[in-house]
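Participant: Structure in structure tokens, see below.
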Amino acid sequence: MKALFALFFPSPTSPIKGCRGYVILMLSVMDTMKESFGLTTGLHRAAQSETLEEVEALLNTGADPNARDSVGKTPLHLSTARYNDTAMVRALLYAGANPKARTKDGATPLHFAAGNSKTPEVVKALLAAGADPKARTKDGQTVFDLIGKNPHLRDTDVYWQLNDARFD
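Heads up, the sequence shown stops at 168 in the UniProt record's numbering, and the numbers go up one at a time, no gaps.
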């Protein structure tokens, strides 16, 4: 199993670093064996690794942009939570990723972006795609609650947009 993961996430000095096509093929095969990998798919792994090329290749081979892991996260949740790659978020949305998808605890990709993103563009892309700015988690946490704690987004235009949405 560890050897297989090394194919997906080779170190910078690895001799397989240049084998992107092979890695993409293996990631797509991994989708059929997702129970063996903690209910994640190749697209989840690629979205988490911040590699737009791999995400696009997997989407082009039919990877499901709405596949869920064991806690309900989709690749869109992962791409908005971890990185600031607006192009990746847009690619997932264009492929049909649901901007209103919820994890088991009720968090949407917009919750993840509001709490973790370093760029307002990710939040803007989700809102433009129809994400619900009033969404609440099961414990009542709002998107605005999270963006207010994010020093990279506090007092930006999306911060104020989400503030205004609370009263609409």
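Backbone N, C-alpha and C define an ideal beta-carbon position, used for all residues, glycine too. Just so we're clear, the structure is a prediction, and the values are computed from it rather than from any experiment.
Does the separation of the CB atoms of residue 153 and residue 120 fall below 7 Å?
Facilitator: Yes, they are a contact pair.
Participant: How many angstroms separate the CA atom of residue 44 from the CA atom of residue 129?
Facilitator: 20 Å
Participant: Is it buried or exposed for residue 71, if we count other Cβ within 10 angstroms and need 16 for buried?
Facilitator: exposed
Participant: Quick one: is residue 73 buried, meaning 16 or more other Cβ sit within 10 Å of its Cβ, or exposed?
Facilitator: buried
Participant: So, for residue 136: in the same chain, excluding its five sequence neighbours on each side, which residues have a beta-carbon less than 8 Å away from its beta-carbon?
Facilitator: The residues are 106 and 142.
Participant: Quick one: which unbroken alpha helix (DSSP H) runs of 4-plus residues sit fully inside the UniProt repeat "ANK" (71–104)? Chain order, please.
Facilitator: Runs of the alpha helix (DSSP H) inside the UniProt repeat "ANK" (71–104): 75–82 and 86–94.
Participant: Exposed or buried, which one is residue 87 when buried takes at least 16 other CB atoms within 10 Å?
Facilitator: exposed
Participant: Between the Cα of residue 84 and those of 155, 110, 69 and 139, spot the shortest distance and give me the residue it belongs to.
Facilitator: 110
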